[in-house]
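Position in the sequence shown counted from 1, then plus 34, gives you my numbering. Note that the Cβ used here is the ideal one computed from N, Cα and C, for glycine as well. Quick notes on the structure that follows.
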Amino acid sequence: MSEANTVIPLREHQEPATQEPRRFKVFTARQLDKIEQLQRLDDDARFAMRVVANVLPFRVNEYVIEELIDWDKVPDDPIYQLTFPQKGMLAPEHFDKVADAMRGGDKAEIDAAVAEVREALNPHPAGQMEHNIPEVDGEKIDGIQHKYNETVLFFPSQGQVCHSYCTFCFRWAQFIGDNDLKIATKEAGQLKRYVQAHPEITDILITGGDPLVMKTKNLRAHIEPLLELEQIRTIRIGSKALTFWPQRVVSDKDADDLLDLFREVQAAGKHLALMAHYNHWRELEPAIAREAIARVRETGAQIRAQGPLLAHINDNADDWARLWQTQVELGIVPYYMFVERDTGARRYFEVPLARAWNIYRDAMKQVSGLARTARGPSMSSHPGKVEIQGVTEVAGEKVFVLRLIQGRNPDWVQRPFFAKYNEDATWLNHLEPAFGEDKFFFDDELAAMED
Numbered sequence: 035m036s037e038a039n040t041v042i043p044l045r046e047h048q049e050p051a052t053q054e055p056r057r058f059k060v061f062t063a064r065q066l067d068k069i070e071q072l073q074r075l076d077d078d079a080r081f082a083m084r085v086v087a088n089v090l091p092f093r094v095n096e097y098v099i100e101e102l103i104d105w106d107k108v109p110d111d112p113i114y115q116l117t118f119p120q121k122g123m124l125a126p127e128h129f130d131k132v133a134d135a136m137r138g139g140d141k142a143e144i145d146a147a148v149a150e151v152r153e154a155l156n157p158h159p160a161g162q163m164e165h166n167i168p169e170v171d172g173e174k175i176d177g178i179q180h181k182y183n184e185t186v187l188f189f190p191s192q193g194q195v196c197h198s199y200c201t202f203c204f205r206w207a208q209f210i211g212d213n214d215l216k217i218a219t220k221e222a223g224q225l226k227r228y229v230q231a232h233p234e235i236t237d238i239l240i241t242g243g244d245p246l247v248m249k250t251k252n253l254r255a256h257i258e259p260l261l262e263l264e265q266i267r268t269i270r271i272g273s274k275a276l277t278f279w280p281q282r283v284v285s286d287k288d289a290d291d292l293l294d295l296f297r298e299v300q301a302a303g304k305h306l307a308l309m310a311h312y313n314h315w316r317e318l319e320p321a322i323a324r325e326a327i328a329r330v331r332e333t334g335a336q337i338r339a340q341g342p343l344l345a346h347i348n349d350n351a352d353d354w355a356r357l358w359q360t361q362v363e364l365g366i367v368p369y370y371m372f373v374e375r376d377t378g379a380r381r382y383f384e385v386p387l388a389r390a391w392n393i394y395r396d397a398m399k400q401v402s403g404l405a406r407t408a409r410g411p412s413m414s415s416h417p418g419k420v421e422i423q424g425v426t427e428v429a430g431e432k433v434f435v436l437r438l439i440q441g442r443n444p445d446w447v448q449r450p451f452f453a454k455y456n457e458d459a460t461w462l463n464h465l466e467p468a469f470g471e472d473k474f475f476f477d478d479e480l481a482a483m484e485d
């Protein structure tokens, strides 16, 4: 590395962390009864929580419990809804099946009921397993997804867990212990070899789980080989650590080493983007969360914020407007408002597309231009990222105006198309083409890709 690009150790140019180190303590489904704050709930509520936690993954740490949740507002508190299982997250028939098995106490019956319900929850939506995992010489490459030409998703095995789990997570199947449903790789060199064989790739998104649960030395082993590749322009890291464990970049033992790694990426001439997952403005309130943001930004890395629109958590314009405006004030770029995906606890969190668009529009009206960078509402669907651009009337027909922000075929990108207005629709597959058409413009080519 040239002298001009020498990485200055973080300790020489950055103020030391002001927060005292905190021990990371986590609770899983087996420790639900050890969470003191849950004792204020009645027996039925705690049993319902155990039922849902048998099906969907549960993991929460002490920082979230003590610093982010307002227990005087439970069950309506948004962070409580974000992290703790609720009865409505399962369909009544699914809940009853698992609950009856648990009351019976037979482990085999419980396991069978849980497996049946999980399979019904669409564990890998939008063709993640069938169409996104690349093949070389007829064999699938573990731990890599390549849906869009220029961007590859990489799933390091050490990062396939989170500091806490979100109850809405569309990758919930990563965390239930079923290797057939898990996307991950242990081989650090595999990604570099694949990228070198595909010159169209310019962006790497390291994702999970949460890659920032990894020790810095392990994350470095995946990132450093990429810095040698001229074709790579941007390295992205998808993470919710700035919310669920901001200590990761403030007071953990290797926090400074992690920030030095971020600087190393910048010094190598690559852009580093931390794709931070935020669901509510409350996540930005703690002093340590703001310190974490400041420390990341001092490395030259860009923080971009994304998250889905969720019933029970953030389904109102005021919360989104406050979230985006606060992010801008802290130096974060609002990036995406997603539509809750068709998997897991969707039935509990989904918001009709028409209402989603109204919430997005009403929130946009409340913020300045700098906060209007968030795209959405966007569906990460099988053909690509489909954005709802509005509701209007054309030739006497009420329609949704849609476009693809990203597509399996780059030629689909930015092409407007129309769907019949459906006030109950919550996903792309609920929509029908407008103006008497029998298919959307991409349907035939998409079908050919699947053959």
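Contact set for residue i: own chain, Cβ-Cβ below 8 Å, skip 5 residues either direction
i, result
"leucine 480", "His416, Pro417 and Arg442"
"glutamate 234", "Asn183 and Glu184"
"alanine 429", "Phe469"
"aspartate 352", "Ala397 and Gln400"
Candidates the options: closest to residue i by CA position
i, options, result
"leucine 364", "Arg381, Lys174 and Ala328", "Ala328"
"glutamine 359", "Leu66, Cys200, Tyr312 and Asp376", "Tyr312"
"lysine 68", "Asn95, Arg57 and Arg56", "Asn95"
"glutamate 264", "Lys304, Arg297 and Glu384", "Lys304"
"alanine 323", "Phe81, Val247, Pro280 and Met398", "Pro280"
"tyrosine 455", "Asp445, Phe469 and Pro444", "Phe469"
"arginine 437", "Gly430, Phe452 and Val60", "Phe452"
"alanine 335", "Ser285, Ala310, Phe58 and Pro444", "Ala310"
"arginine 80", "Ala142, Val148, Lys121 and Val299", "Lys121"
"leucine 187", "Ser412, Leu260, Asp134 and Arg270", "Arg270"
"lysine 131", "Val108, Ala146, Tyr228 and Phe92", "Ala146"
"leucine 344", "Ala149, Ser285, His314 and Pro320", "His314"
"arginine 84", "Gly242, Ile178 and Ala133", "Ala133"
"proline 55", "Trp391, Ile337 and Ser285", "Ser285"
Cβ distance (whole Å) where residue i is taken to contact residue j below 8 Å
i, j, result
"tryptophan 206", "leucine 357", "About 23 Å separates the two Cβ atoms, so there is no contact after all."
"glycine 272", "isoleucine 240", "7 Å"
"glutamine 423", "valine 435", "4 Å"
"alanine 87", "alanine 63", "4 Å"
"lysine 287", "aspartate 244", "The Cβ separation is near 18 Å, so there is no contact."
"alanine 307", "threonine 268", "6 Å"
"threonine 377", "phenylalanine 204", "5 Å"
"proline 386", "aspartate 291", "Their Cβ separation, rounded to whole angstroms, is 46 Å, which puts proline 386 and aspartate 291 out of contact at 8 Å."
"valine 299", "leucine 261", "7 Å"
Boundaries (first-last residue) of the alpha helix (DSSP H) holding residue i
i, result
"threonine 250", "250–257"
"glycine 223", "223–230"
"threonine 117", "112–117"
"lysine 141", "141–154"
"glutamate 126", "The sequence as given places proline at residue 126; glutamate does not occur at that position. Looking at the DSSP string, the run of the alpha helix (DSSP H) that includes proline 126 is 126–138."
"glutamine 440", "Glutamine 440 -> not in any alpha helix (DSSP H); beta strand (DSSP E) instead, spanning 431–441."
"phenylalanine 278", "275–278"
Residue i - containing beta strand (DSSP E), residue span
i, result
"tyrosine 495", "The requested residue 495 does not occur in the structure, where the chain is confined to residues 35 to 485."
"proline 342", "336–343"
"phenylalanine 92", "Element bounds for phenylalanine 92: n/a, residue is neither H nor E."
Neighbourhood of residue i by C-beta distance below 6 Å, restricted to the same chain and skipping five residues each side
i, result
"aspartate 485", "none"
"arginine 282", "Leu246 and Ala275"
"valine 401", "Ala355, Trp358 and Gln359"
"proline 450", "Arg437"
Close Cβ partners of residue i (< 7 Å) along its chain, the five nearest in sequence each way excluded
i, result
"valine 247", "Gly193, Val195, Cys196 and His197"
"methionine 123", "Val86, Leu90, Thr201, Ala379 and Tyr382"
"glutamine 440", "Tyr182, Gly418, Lys419 and Val447"
"phenylalanine 92", "Thr62, Ala63, Pro119 and Tyr199"
"isoleucine 99", "Ile69 and Gln71"
"proline 444", "Asn183"
"isoleucine 347", "Pro112, Gln115, Leu116, Asn313 and His314"
Query - At least 3 beta-carbon pairs within less than 8 Å: the segment 183–195 vs the segment 366–380 - result: They do not touch, by the three-pair rule.
Query raised in the report: Are the segment 292–304 and the segment 253–260 in contact at 8 Å, needing three or more beta carbon pairs?
Result: Yes, the segment 292–304 is in contact with the segment 253–260.
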